[in-house]
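Working notes, beginning with the structure itself.
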Amino acid sequence: MQSIQAVRGMNDILPDAVGWWRRVENAAREVLESFGYREVRTPLAEKLELFARSIGESTDIVEKEMYAFQDRNGEWIALRPEATASIVRSYIQHGLHSDSALRKLYEIGPMFRHERPQKGRYRQFHQIDAEAFGTDSPMIDAEMMHMLSLLVERIGISGVILHVNTLGCPECRQTYKEILKGFLKEKADLFCPDCVRRRETNPLRVFDCKVEKCQALLDRAPMLIDYVCRDCRAHFDAVKDYLDKLATRYEVNPRIVRGLDYYMRTTFEVISDRLGAQNAIGGGGRYNGLVRDLGGPDVAAIGFAIGVERLIMLLQQEREQILRAPRFFLVGLGEKPLEKAFLLLQQLRGRGLEAEMDYGGRSLKSQMRRADKSGARYVLILGENELVQRQIQVRDMLAGTQELLPLDAIVEGVEGLRD
RNA sequence: GUGGGUGUAGCUCAAUUGGUCAGAGCACUGGGUUGUGGCCCCAGAGGCUGUCGGUUCGAGCCCGAUCACUCACCCCA
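Count the first sequence with our numbering and you get residues 4 to 422, in order.
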């Protein structure tokens, strides 16, 4: 019979890999909380309309990548393709803007996009997402990128670069878009077909094109940075200034344009050259108009998302996996000792000591083999002789030494070997 | 959605021009004399060669379809 496979692009995270996830999640929580971010847990599914209105009707994410369906009441529901929309919705719905001017939130969890899977790209993937509501200060832009860099470093990853750009505000960007379109039209026959198409759908994204010929042509294209309005320029200059003062390393990259409609002004990406085609491990930007557009107050906001799988890929390239092992392993020889070992096992656990045994009661040799494989540091061996003498062997597997200790006080006796 | 590559034991891979080719290593199980792990030695278990169909006297090897994995495009974290 054919066995059932997991859904395409959705992966199991098995016990031997879960250590990586813990490491990333723990470091992320630690850093985010130290910067004042508080965790929220929003539903995995939202009304489809939320994503259409926030991410943009004509983006690829909404047009062809969402897991969308009608529930039994006929309402259109979608699995979230990203977290920002849900967090903004939650922020508005619960009036989180009312009791404090500034609100910092984060969420860690799975996102869903129906794309063709490849390295670093899955249909269920995980993001660490941080959002700061309520201030337009360039300080928060800089702090956020500073925090992102720190987070990546804290997790144990090196060799990534922070790319920063400004998209201007909707007004100055619109002016620029027309100028760029003019440029693209002029040289239409020199660009690749994709770029010609992008000219109409989302002209800024031509800067993301991977075709060398296009990139060469773009060297002479008008740059957004030269067309932003005075306020946007002042904001961007201030952000860069704060980044310098925070000693956060970055590169200004006018080609970081981002694919979601709601971004404006500051945008950024953290990029690695060791990930293949999916080289961005994190990215984000400012989205001042979004809260208002979704029916909330007109508050400024900025946020980013990090791809956990991509982070882990990098981590695996430079760090050793830490495997979980019990501290103690109990061995029982014969029926009575085996039962006593079983009871001791539970007593040790009752004290918060990590202990395991081989319940099968096999030969000493094979129980010892299992003890060794479990990775336990100490093995407690109980045979008929020991039981009669009210004693138990405590073997240090690392040192290869063992000693006989009184059985009745063994739980206390072993307390000192906790760690 | 488009293109390329790949699909043989749990894992990594072998199998001459289609004709004992279904194998190895690791992992797993048991054993190497009375109750002691790692190393070593011995033995064992484990696969209708992704699936379905076709060509052929005969297919893991050829053809088609399908599914999956993978890399890239696209898109993005």
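All C-beta atoms in this analysis are idealised placements derived from N, C-alpha and C, irrespective of residue type, glycine included.
- Residue pairing for residue 168: DSSP places it in a beta bridge opposite 270.
- Cα atoms of residue 92 and residue 230: separation of roughly 33 Å, rounded to the nearest angstrom.
- 12 is the residue among 23, 322 and 12 whose C-alpha sits nearest the C-alpha of residue 122.
- Of 170, 391, 193 and 350, the smallest CA-CA separation from residue 263 is found for 170.
- A residue is called buried once 16 or more other Cβ atoms fall within 10 Å of its Cβ, and residue 6, having fewer, is exposed.
- For residue 249, same chain residues with a beta-carbon under 8 Å away, outside a window of 5 residues either side, are 145, 146 and 149 in chain order.
- Between the C-alpha atoms of residue 361 and residue 110 there is a straight-line separation of about 40 Å.
- For residue 296, the secondary structure class from DSSP, reduced to helix, strand or coil, is helix.
- Classified as exposed, residue 36 has fewer than 16 neighbouring CB atoms from the shown chains inside 10 Å of its CB.
- Residue pairing by DSSP places residue 134 opposite 108 and 306 in a beta bridge.
- In chain order, 387 and 390 place their CB closer than 8 Å to the CB of residue 339, counting only its own chain and leaving out the 5 sequence neighbours on each side.
- Cβ contact annotation for residue 393 (same chain, cutoff 7 Å, sequence separation greater than five): 409, 410 and 411, in chain order.
- Residues 198 and 201 of the same chain have their beta carbon placed closer than 6 Å to that of residue 209, with the five preceding and five following residues left out of the count.
- Rounded to the nearest angstrom, the gap between the Cα atoms of residue 380 and residue 369 is 17 Å.
- Distance check between residue 320 and each of 363, 159 and 372 places 159 closest, using alpha-carbon atoms only.
- Taking residue 341 as reference, the option from 324, 359, 326 and 23 with the minimal CA-CA separation is 359.
- Between residue 186 and residue 219, the gap from beta carbon to beta carbon reaches 7 Å or more.
- Rounded to whole angstroms, the Cβ separation of residue 378 and residue 326 is 7 Å, and the two are in contact under 8 Å.
- Closest in C-alpha terms to residue 302, from the list 135, 344, 308 and 213, comes 135.
- Residue 23 has its alpha-carbon roughly 36 Å from the corresponding atom of residue 98.
- Sixteen is the threshold: when 16 or more other Cβ atoms of the shown chains lie within 10 Å of the Cβ of residue 69, as they do, the residue is buried.
- Taken through DSSP and simplified to helix, strand or coil, residue 90 comes out as helix.
- The C-alpha of residue 350 is placed about 20 Å away from the C-alpha of residue 337.
- For residue 345, there is no enclosing beta strand (DSSP E); the residue is found in the alpha helix (DSSP H) stretching over 338-353.
- In the three-state reduction of the DSSP assignment, residue 80 falls in the strand class.
- The C-beta distance from residue 34 to residue 157 rounds to 6 Å, short enough to meet the 8 Å contact threshold.
- Following the DSSP letters along the chain, one finds residue 50 inside the beta strand (DSSP E) bounded by residues 48-50.
- Note on the stretch 5-75: whole alpha helix (DSSP H) runs with a minimum of 4 residues are 18-37, 51-58 and 63-67, in chain order.
- Distance between residue 53 and residue 96, taken at the CA atoms: about 12 Å.
- Here the alpha carbons of residue 215 and residue 276 stand approximately 17 Å from one another.
- With respect to residue 183, residue 260 sits apart: the two C-beta atoms are not nearer than 7 Å.
- Under DSSP, residue 334 takes part in a beta bridge, and its partners are 384.
- Scanning its chain for C-beta atoms nearer than 8 Å, with the 5 sequence neighbours on each side dropped, one finds around residue 118 the residues 12, 68, 124 and 126, in chain order.
- When C-alpha distances from residue 138 are compared across 294, 298, 194 and 285, the shortest belongs to 294.
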